[in-house]
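Let me begin by presenting the structure, written as C-alpha cells, before commenting on it.
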Amino acid sequence: MLPKLYGCMMLKDEARNIRRCLDSIRKLCDEIVIVDTGSIDDTVKIARGYGAIVYPGTFNWRKPPIFDFSLHRNAGLQYCEELGADWLLVIDGDESLKPIGISPQEFKARLLRLPKNIHALGTQVHEQLENGAFALSLWGTRFFKARVGVHYEGIVHNRPKLYRGGYCAASNVIVYHHGYHDNKVMAGKRARTIPLLDKRIKENPEDYEAYYYKCLSLCGQDKVEEAIVAGEKCMEILGEKIDQDPARLNYFGIMYYAIGWAYFRLWELTDTQHASTRAYQWWYRGWELFPDDIDLNFQLCTMGYMSRNPDMTREHGERYQKSMERLKQEIEMDAPAFENEINLHTWVLGPRHIHLATPKHEAMVRSMMEEMGRIAA
Numbered sequence: 078m079l080p081k082l083y084g085c086m087m088l089k090d091e092a093r094n095i096r097r098c099l100d101s102i103r104k105l106c107d108e109i110v111i112v113d114t115g116s117i118d119d120t121v122k123i124a125r126g127y128g129a130i131v132y133p134g135t136f137n138w139r140k141p142p143i144f145d146f147s148l149h150r151n152a153g154l155q156y157c158e159e160l161g162a163d164w165l166l167v168i169d170g171d172e173s174l175k176p177i178g179i180s181p182q183e184f185k186a187r188l189l190r191l192p193k194n195i196h197a198l199g200t201q202v203h204e205q206l207e208n209g210a211f212a213l214s215l216w217g218t219r220f221f222k223a224r225v226g227v228h229y230e231g232i233v234h235n236r237p238k239l240y241r242g243g244y245c246a247a248s249n250v251i252v253y254h255h256g257y258h259d260n261k262v263m264a265g266k267r268a269r270t271i272p273l274l275d276k277r278i279k280e281n282p283e284d285y286e287a288y289y290y291k292c293l294s295l296c297g298q299d300k301v302e303e304a305i306v307a308g309e310k311c312m313e314i315l316g317e318k319i320d321q322d323p324a325r326l327n328y329f330g331i332m333y334y335a336i337g338w339a340y341f342r343l344w345e346l347t348d349t350q351h352a353s354t355r356a357y358q359w360w361y362r363g364w365e366l367f368p369d370d371i372d373l374n375f376q377l378c379t380m381g382y383m384s385r386n387p388d389m390t391r392e393h394g395e396r397y398q399k400s401m402e403r404l405k406q407e408i409e410m411d412a413p414a415f416e417n418e419i420n421l422h423t424w425v426l427g428p429r430h431i432h433l434a435t436p437k438h439e440a441m442v443r444s445m446m447e448e449m450g451r452i453a454a
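Taking the working numbering, I'd label the letters of the sequence shown as residues 78 to 454.
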C-alpha cells in the first residue's frame with residue numbers, strides 16, 4: 078500500500094496566494110490540513126472550497142493571541158498524524174510546488190522505497206519576484222515521515238528538528254516562494270518579526286540564530302547600523318571554531334555577505350572610510366570560506382573596480398561569471414523527484430543567496446572587467 082501524503086499548512090490572510098498553492102499540491106496530497114491563525118479575508122472559505130481540512134489556531138481568543146509560529150506548526154503536524162498521514166509536506170500559502178515530473182503514485186512509491194532511517198527530505202526553495210524573475214535559492218526541509226518525532230522550534234523563523242534520530246536526504250523537488258514582492262506586506266512582516274526576535278534574544282542571549290534573522294530583517298529595512306550590531310553578535314557567538322569549517326557554518330555563511338552589505342551601505346550614507354574597509358574585510362573573509370559565492374564575488378569585483386585594481390576585478394569577475402553559468406544550469410535542469418540512491422543531505426552547500434544574479438549585474442561585471450583590462454594593458 079502506498080503511503081498517504083498530507084499537505085500541512087499554517088495560514089493567515091493568504092487569500093491572494095492560496096489558490097496557486099493549493100492547485101500545485103492538490104493532486105499530490107491525499108489530504109490538505111490547515112491551521113488558520115486568525116484570517117480576516119477569504120482564506121478559510123477558499124481553502125474549504127478545495128476540500129482542505131481547516132483548524133483554528135490554538136489561541137485563547139479572550140486574551141492576546143500567542144504569537145508562536147512553532148506552536149501552530151506543531152499543531153498542524155499533530156492533526157495530520159491523527160488523521161492518518163504517513164508523510165507530511167509542509168508548505169506555506171505564499172508558496173507553490175513545481176510539477177515533479179512523475180505521477181503522484183510514483184512519487185509515493187519512491188517514498189516507500191526510501192531507507193528506513195530517512196525521516197525527512199530537503200527541497201530547493203526558489204524565491205521569485207513579482208515579475209517572475211528568479212531572486213534567491215536556499216535549501217529547506219519540507220517532507221517529513223509521520224510519527225518519528227518531528228518538532229518545530231522557535232517562536233519566529235521556526236525550524237524543524239528530528240528528535241528520534243534518522244536523517245534528512247536531498248531531493249530534486251523545488252518549492253517556489255512568491256512572498257517577497259509587496260513592500261507593504263514586507264514592511265508589516267518585518268515590523269512583526271523584530272519584536273519576536275528580541276523576545277527570543279531576551280530569553281536566550283546566546284541565540285545566534287535570532288541575531289542572524291534580526292540582521293537580515295534590519296538590512297531589509299535599511300537600518301544598517303542596527304543590522305551590523307546584530308550580525309556581528311551572531312558571528313561572535315558562533316565563534317572562530319565554526320568560522321574555519323564551512324560545512325558546519327552552512328547557511329550562516331550568508332552573514333559575511335549581509336554584514337559586508339550593511340557596512341557598504343553605511344559607507345554610502347556616511348562616506349566614512351572605516352565603513353568601506355569593514356565591508357571589504359567581511360566580504361573577503363567570507364570569500365575565503367566560500368570562493369564560489371556569487372554575491373561575494375560580485376561585490377569584490379565591484380570593489381576592485383572602484384579601487385582601480387585590475388587583478389582583483391578580473392579574478393572575482395571571472396568567478397562571478399562561472400558561478401552564474403553553473404547557477405543557470407542548475408535552475409534549468411529537469412531532474413527526477415529524487416535519486417534512486419539517496420545521498421544524505423549534510424547541508425554543506427554554503428550560502429546560496431543570489432540577489433545579484435541578474436542580466437543587469439552580468440553586464441556590469443563584463444563592463445568592469447573590460448575597463449580594468451584596458452587599464453592593465
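By construction, the Cβ of each residue, glycine as well, lies at the ideal position given by its N, Cα and C atoms.
Alpha helix (DSSP H) containing residue i: first to last residue?
i, result
"His351", "Gln350 to Leu366"
"Asn386", "Looking at the DSSP string, Asn386 is not in any alpha helix (DSSP H), and its letter there is neither H nor E."
"Cys157", "Phe146 to Leu160"
"Glu345", "Ile331 to Thr347"
"Glu183", "Pro181 to Arg190"
"Ala124", "Thr120 to Gly126"
Tell me which residue opens and which closes the beta strand (DSSP E) that residue i is part of.
i, result
"Pro133", "Ile130 to Pro133"
"Gln298", "Counting along the chain, Gln298 falls outside any beta strand (DSSP E), and DSSP gives it neither H nor E."
"Ile195", "Ile195 to Gln205"
"Val250", "Tyr244 to His254"
"Val167", "Trp164 to Val167"
"Tyr229", "Val227 to Glu230"
"Tyr83", "Leu82 to Leu88"
"Asp113", "Glu108 to Asp113"
"Ser173", "Glu172 to Leu174"
Please tell me whether residue i and residue j are closer than 8 Å, where the distance is taken between their beta carbons.
i, j, result
"Arg224", "Glu158", "yes"
"Tyr334", "Leu373", "yes"
"Ile305", "Ile278", "no"
"Tyr83", "Glu108", "yes"
"Tyr445", "Tyr382", "According to the sequence as given, residue 445 is Met; it is not Tyr. It is a contact, given that the beta carbons lie within the stated cut-off."
"Ile123", "Arg93", "no"
"Val442", "Gln398", "yes"
"Lys300", "Leu274", "no"
"Pro181", "Lys276", "no"
"His255", "Gln298", "no"
"Cys98", "Gly178", "no"
Using the Cα positions of residue i and residue j, report the straight-line distance between them to the nearest angstrom.
i, j, result
"Gln37", "Ala356", "Here the chain covers residues 78 to 454 and nothing more, so residue 37 does not appear."
"Pro368", "Ser248", "25 Å"
"Met389", "Thr354", "15 Å"
"Asp284", "Leu166", "28 Å"
"Cys296", "Ala186", "44 Å"
"Pro176", "His203", "14 Å"
"Met449", "Thr200", "40 Å"
"Val227", "Leu154", "8 Å"
"Leu32", "Glu439", "Residue 32 cannot be examined here, being either before or after the span of the chain that is shown, 78 to 454."
"Ile280", "Gly316", "Strictly speaking, residue 280 in this sequence is Glu, with Ile absent from that position. Cα-Cα distance, rounded: 20 Å."
"Trp138", "Ala129", "In this prediction, Trp138 has a pLDDT of 42, which is less than 50 and means its spatial position is unreliable; nothing more can be read from the coordinates."
"Leu346", "Glu303", "14 Å"
"Pro192", "Ala246", "10 Å"
"Gly217", "Ile168", "10 Å"
"Asp348", "Arg385", "18 Å"
"Met78", "Arg269", "44 Å"
"Gln358", "Gly242", "39 Å"
"Arg190", "Val110", "25 Å"
"Tyr127", "Glu392", "53 Å"
Taking residue i and residue j to be in contact with their CB atoms under 8 Å, please state how far apart those CB atoms are, rounded to whole angstroms.
i, j, result
"Gly363", "Cys378", "Their Cβ separation, rounded to whole angstroms, is 14 Å, which puts Gly363 and Cys378 out of contact at 8 Å."
"Pro80", "Leu198", "Their Cβ separation, rounded to whole angstroms, is 13 Å, which puts Pro80 and Leu198 out of contact at 8 Å."
Considering only residues of the same chain and omitting the five flanking positions on each side of residue i, which have a CB-CB separation below 6 Å?
i, result
"Ala352", "Tyr340, Leu343 and Trp344"
"Glu418", "Residue placement at Glu418 is poorly supported in this model, since its pLDDT is 29, which falls under 50; the coordinates still yield a value, given next. Counting only Cβ-Cβ distances below 6 Å, and skipping sequence neighbours, we find nothing."
"Tyr229", "Ser147, Arg150, Asn151, Asn235 and Pro237"
"Ser101", "Ser173 and Leu174"
"Trp360", "Gly337, Leu373, Gln376 and Leu377"
"Tyr288", "Ala307, Lys310 and Cys311"
"Met87", "Val112, His149, Arg150 and Gly153"
"Phe221", "Leu165, Ala197 and Val227"
"Ala162", "Lys81, Tyr83 and Ala223"
"Ile314", "Glu283 and Tyr285"
"Thr114", "Lys89, Gly134 and His149"
Just to confirm my understanding: we take residue i, look at its own chain, exclude 5 residues before and 5 after, and list those with CB closer than 7 Å. What are they?
i, result
"Glu409", "A caution first: Glu409 carries a pLDDT of 47, below 50, which makes its placement in the model unreliable, though a value can still be read off. Within the same chain, Glu409 has no close Cβ partners at all."
"Asp90", "Ser116, Ile117, Asp118 and Thr120"
"Leu293", "Ala335"
"Cys106", "Leu82, Tyr83, Gly84 and Leu166"
"Ile251", "Lys175, Thr200, Gln201 and His203"
"Tyr253", "Glu172, Ser173, Lys175, His203 and Gln205"
Excluding the 5 residues flanking residue i on each side, which residues of the same chain have their C-beta closer than 8 Å to its C-beta?
i, result
"Ile271", "Lys291, Ser294 and Leu295"
"Lys140", "With a pLDDT of only 47 at Lys140, under 50, the local geometry of the prediction cannot be trusted, and the value read off the model is given with reservation. For Lys140, where only same-chain residues beyond five positions count, there are no Cβ hits under 8 Å."
"Arg125", "Val131"
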